[in-house]
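A short write-up of the structure that comes next.
Residue numbers (full-length UniProt numbering): 1 to 323.
Put into structure tokens, the structure is as follows:
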């Protein structure tokens with residue numbers, strides 16, 4: 001039998017020999033680091049990890065908060081998929097997310113492009129655009145009723161100046177979600193700031209080369225600006241998609257917390273609102289836990305799909321792209 005030569009290996013890097021004092025200092029530094037992050041570790045374990053694990057258990061039980069949980073297996077999940085209101089809330093949530101996320105990103109990009117050309121005044125406008133982000137979500141829900149009231153709202157009053165008869169934003173099911181989507185643009189200030197920072201990070205040499213080649217503004221935006229800030233755009237798509245699936249406060253305040261029951265608010269019944277109702281109004285905590293885990297799986301699947309698709313469209317300066 002012919003013997004096979006063993007593969008050559010490079011010399012191993014010798015481990016540095018630490019003196020007793022250095023080892024003691026390293027252990028002391030490790031203990032100090034653990035001490036400093038221990039509040040976060042405790043908070044994560046108590047307020048995040050344990051509730052997540054416990055909710056997984058509750059999703060397999062019949063639990064009304066008052067009595068002890070009664071194990072029912074996957075009955076909650078089976079009931080969930082047969083519940084027509086679950087399907088309704090999921091449909092509303094998907095429609096809202098599918099429209100609000102592109103609208104949010106496109107409007108943020110347009111404002112960021114304008115700010116990038118504003119020169120010295122951009123600092124003032126950055127502050128103006130970001131201030132609405134500080135508005136509490138409950139206040140935004142109240143603003144929905146004030147601005148989009150079909151009879152005396154400010155939006156329909158503004159449209160009336162141009163002879164346009166505005167719709168019944170808060171009572172017509174066809175216009176409830178468009179009104180909420182328009183109102184969601186109130187808080188896009190942080191997205192504008194992120195895109196403005198990305199725009200200012202694009203190398204000026206690329207624009208100079210395009211100008212020498214005779215490219216117009218549209219060509220420069222399509223071939224240089226958008227590819228170079230595609231990472232930031234993708235980040236905004238991800239976080240706004242997750243936020244869209246979890247939308248709750250504004251819609252609940254406007255259509256469920258106001259006490260107005262003279263019209264149907266099924267068009268504003270988002271998945272998170274129905275989950276909240278099951279948990280805290282009907283005390284179906286086990287059923288609500290199952291709903292929460294279904295939402296987690298949906299968001300995870302959508303995010304993974306977006307990550308896979310992004311490989312063809314997102315450019316990272318320090319990495320390689322497939323597209």
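Even glycine gets a Cβ: it sits at the ideal position worked out from N, Cα and C.
Just so we're clear, the structure is a prediction, and the values are computed from it rather than from any experiment.
*With respect to the alpha helix (DSSP H) encompassing residue 125, which residues constitute its N-terminal and C-terminal limits?*
122-130
*Compute the Euclidean distance between the alpha carbons of residue 257 and residue 228, then round it to the nearest angstrom.*
44 Å
*Quick one: residues in its chain with C-beta nearer than 8 Å to the C-beta of residue 196, no 5 flanking neighbours on either side, listed in chain order?*
112, 115, 116, 122, 126
*The alpha helix (DSSP H) spanning residue 291 covers which residue range?*
285-313
*Can you grab the Cα-Cα spacing for the pair residue 73 / residue 60, in whole Å?*
5 Å
*From the DSSP output, in three-state form, read off residue 225 for me.*
helix
*asked:* Considering Cα atoms alone, identify which of 23, 53, 47, 110 is closest to residue 192.
replied: 110
*asked:* Mapping the DSSP letters down to three states, classify residue 218 as helix, strand or coil.
replied: helix
*asked:* What would DSSP say about residue 165, mapped onto helix, strand or coil?
replied: coil
*asked:* Quick test of the definition: if touching needs 3 or more C-beta pairs under 8 Å, does the segment 143-151 touch the segment 174-183?
replied: yes
*Hey, is the segment 284-302 in contact with the segment 235-248, meaning 3+ C-beta pairs nearer than 8 Å?*
yes
*Just mark residue 154 as buried or exposed, buried being the case when its beta carbon has 16 or more other beta carbons within 10 Å.*
exposed
_Using the three-state DSSP reduction, which class does residue 266 fall into: helix, strand or coil?_
helix
_Contact between the segment 211-219 and the segment 284-298 is defined here as three or more beta-carbon pairs at a separation below 8 Å; is this criterion met?_
no
*Only counting runs of 4 or more residues, tell me where the alpha helix (DSSP H) segments fall wholly within the segment 50-109, in order along the chain.*
50-58, 75-82
*From this set, 303, 284, 314, 306, which residue's C-alpha is nearest residue 66's C-alpha?*
284
*Evaluate the contact criterion for the segment 198-211 versus the segment 150-168: three or more CB pairs, one atom per stretch, below 8 Å.*
no
*Can you have a look at residue 234 and say buried or exposed, based on whether 16 or more other CB atoms are within 10 angstroms of its CB?*
buried
*Smallest Cα separation from residue 313: which of 29, 226, 199?*
226
*asked:* Measuring straight from C-alpha to C-alpha, what distance separates residue 42 and residue 286?
replied: 26 Å
*Tell me whether the beta-carbon of residue 236 lies closer than 8 Å to the beta-carbon of residue 305.*
no
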